[in-house]
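Quick notes on the structure that follows.
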Amino acid sequence: MREKKRYATAAIVEEVGVSIQRLLWEMLDDRIEQGHALDYLQVFELSVIFINGQAIQRVCNRQEQPCLQVELVTPQIESPIQTTIWIIDDGDCYMMLYPYEY
């Protein structure tokens with residue numbers, strides 16, 4: 312199977328750190344490798360939680376069809392952020408973008 316190309320909008324490239332972009336792509340890859348059925352729209356809700364005074368990145372990845380939700384908490388992100396990011400599979404490629412850019 313041909314691997315799909317991956318793109319990110321200019322806003323994502325400018326505003327979201329490479330480590331977070333990489334984390335989201337890795338989460339998608341894990342789901343693909345595990346053989347999960349994927350919806351064309353993957354929603355990633357990023358939030359910041361504090362554990363012992365340290366800011367930690369929390370990522371909740373969900374989809375509607377089939378209904379599935381995966382949560383990840385990682386202290387390995389230097390600058391955690393709070394936002395929502397989508398990854399859309401248009402059949403030929405994946406696009407990472409903010410919901411307002413759709």
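Numbers 312 to 413, taken from the working numbering, label the letters of the sequence shown in order.
Glycine is no exception: its CB is placed at the ideal position from the N, C-alpha and C atoms.
If you're wondering where the values come from, they're calculated on a predicted model, not measured in any experiment.
query, result
"Y413 (DSSP reduced to helix, strand or coil)", "coil"
"Where A321 sits in the DSSP three-state scheme", "helix"
"Straight-line Cα distance separating K315 from T394", "25 Å"
"Neighbourhood of S330 by C-beta distance below 6 Å, restricted to the same chain and skipping five residues each side", "I388"
"Option nearest L379 by Cα separation, candidates T385, P410, D350 and D401", "D350"
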